[in-house]
Amino acid sequence: MNTNALRAYFRAKGGEVGGLAYRARMHRLFAELEPSITVTEQNLAGRVRYILRSNIFAVTELERLRRETVPSWSENATAEDAAPQLAEQTVNVDAAVVVDSNDDGTIAQELELEQMRSTLEEAIVETRSTPLENRPRLPRIALSKRNRAVVRTLNPMLVTYLEASRDLCQTDSILFGAALAVCRIIGAKLSTAGRATGQNSAIPAWRIRIEERIAKARALIGRLICFRSGNTRPRIVRTVRMAFAGTNFSQPDIMQKLTERIDDLKQRIAAWGKQIRRYTERSTRFNQNRLFQSDQKRLYKSFERPMISGTGPAPNQADKVPFWRSLWSEPVNHSEGPWTEVVAIQCVGVTPMDPVIITPDDVAEAVRRAPNWKSPGLDGLHHYRLKGFMDTCSVYLRITSWILRDRSVTEF
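Here the sequence shown stands for residues 3 to 414, numbered as in the numbering used here.
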């Protein structure tokens, strides 16, 4: 297998060092040489690099395979120079192997960077055209070395997009797109339902099972009460016989047994109801704690009570204008107390506050102390995204300075 892999490699390269599309040709040639072995292009390329770097084959064996595979390679050497050039060819083959392996690694890195750049651009463009409520919910990612390396690689790529950002909305969209690109590159699972779906309204399985028990117990209680009242229809009698299997109905204490069974079923129903209430309270506490860790603002908003609108007829449009005009357009002389003049005189000597200057250290300190996996905003961005993409801090500093200077905030 190793020999045929090298033959396919040398033939695909064709004696050239800088080939770019040799992997597909090498994979096709190897499939012709080894039809019984199934391997991918990536695995085959990695196998060839391992063979060349680990010196499994001697230099002379590599040279022989290269000459057999690429006939034009042997035409360059003449018969009279063969003996004195043997040592020099050995050095050249070693150098060629190192160059090939280094070129393969460099090409792979360039292709990977280009793919990451393309993924980042697609994510940013997609985020710009997606409403806030329809964006996917970003998951937590493991703080592994690989994930940190992906974040560090994407950080300098954001500079081009952040330089053109002029408000909080654009910066937030770019940062969300970068976080989305990280999740796609590392293979993290994303929810495609969006953020506007809210909590799942499906009834849990445990509640369905308990409610089925309660329904069956209530139906049995009803039929037992009917039988105790003298109803002897076949369906009623059949149900009672199944409930009292092996019991003779002619016994004198059958009515007492019916009453005891009915009371027992009622107590079971009460216990099952308390079980549902206890499980529901526990589930509510669990969901609220989990929501507090991810989105505090959404948790507090869930505590708000729905507004109760009036049930009467809507006011007429023609009547609303005169009504509010009579309230707001009429001049009113307010009686102001003497204390207002005293306060106004005291405020004349108050020194104005110095302008607020936010430094990069202030932003870095605020970001550093923030919890990693909390997302207080509606966009669902965790604080870890700000810590990873540090270039966004300078953009937020610039935009915040504009807001304090102009005293105007865009809708966000």
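Every residue gets a Cβ at the ideal spot worked out from N, C-alpha and C, and that includes glycine.
From a predicted model like this one, the values you see are computed outputs, not experimental measurements.
Buried or exposed, going by whether 16 or more other CB atoms sit within 10 Å of the CB of residue i?
i	result
Asn-94	Reliability fails at Asn-94, whose pLDDT of 43 lies under 50, so the model's placement of it is uncertain and the value that follows must be treated cautiously. The residue is exposed, with fewer than 16 neighbouring Cβ atoms inside 10 Å.
Tyr-52	exposed
Phe-288	exposed
Ile-405	exposed
Ser-337	exposed
Gly-20	A caution first: Gly-20 carries a pLDDT of 45, below 50, which makes its placement in the model unreliable, though a value can still be read off. Result: exposed.
Arg-307	exposed
Val-350	exposed
Ser-328	exposed
Leu-64	buried
Phe-325	exposed
Ile-39	exposed
Ser-285	exposed
Ser-167	buried
Is the beta carbon of residue j closer than 8 Å to that of residue i?
i	j	result
Ala-219	Ile-271	yes
Val-61	Phe-12	no
Thr-155	Leu-164	no
Gly-382	Leu-140	yes
Val-397	His-385	no
Leu-222	Leu-260	no
Leu-46	Leu-8	no
Asn-157	Met-392	yes
Cys-395	Ala-366	yes
Leu-170	Ile-401	yes
Leu-399	Lys-299	no
Thr-129	Arg-137	yes
Ile-143	Ala-204	no
Ile-212	Ile-278	yes
Asp-297	Ser-377	yes
Ile-188	Val-152	yes
Ile-238	Cys-228	yes
Arg-49	Thr-121	no
Glu-43	Arg-25	yes
Spatial neighbours of residue i within its chain, please: C-beta separation below 6 Å, excluding the five flanking residues on both sides.
i	result
Ala-125	Gly-179, Leu-182, Ala-183
Lys-322	none
Leu-388	Val-369
Met-28	Ala-10, Tyr-11, Ala-14
Asn-4	Ile-53
Ala-97	Caution applies to Ala-97, whose pLDDT of 40 falls short of 50 and renders its modelled position unreliable; the value that the coordinates give is listed next. So the list is empty, once near-sequence residues are dropped.
Suppose the cutoff is 7 Å on Cβ atoms and the five residues either side in sequence are ignored; what does the same chain contact list for residue i look like?
i	result
Asn-6	Phe-32, Leu-35, Glu-36
Leu-503	Absent from the structure is residue 503, since the part of the chain shown begins at 3 and ends at 414.
Leu-267	Ala-219, Leu-222, Ile-223
Trp-274	Ile-212, Arg-215, Ile-216
Let me see if you follow: with CB-CB separation under 8 Å, is residue i close to chain B or not?
i	result
Asp-265	No chain B is part of this structure, which consists of one protein chain only.
Kindly list the residues whose CB is nearer than 8 Å to the CB of residue i, restricted to its own chain and excluding five residues on each side of it in sequence; keep chain order.
i	result
Arg-263	Leu-226, Ala-245, Phe-246
Trp-375	Arg-142, Gln-295, Ser-296, His-384, His-385, Tyr-386
Leu-192	Pro-138, Arg-139, Leu-140, Pro-141, Leu-182, Cys-185, Arg-186
Glu-70	Arg-9
Thr-249	Ile-256, Lys-259
Using a Cβ-based criterion (distance less than 7 Å to any ligand heavy atom), does residue i qualify as near the ligand PLP?
i	result
Asp-266	As presented, the structure is devoid of all ligands, the ligand PLP included, so that no description of it is given.
Answer yes if the segment 239-250 comes into contact with the segment 293-310, meaning at least three C-beta pairs across the two stretches below 8 Å, and no otherwise. Verdict: no, contact absent.
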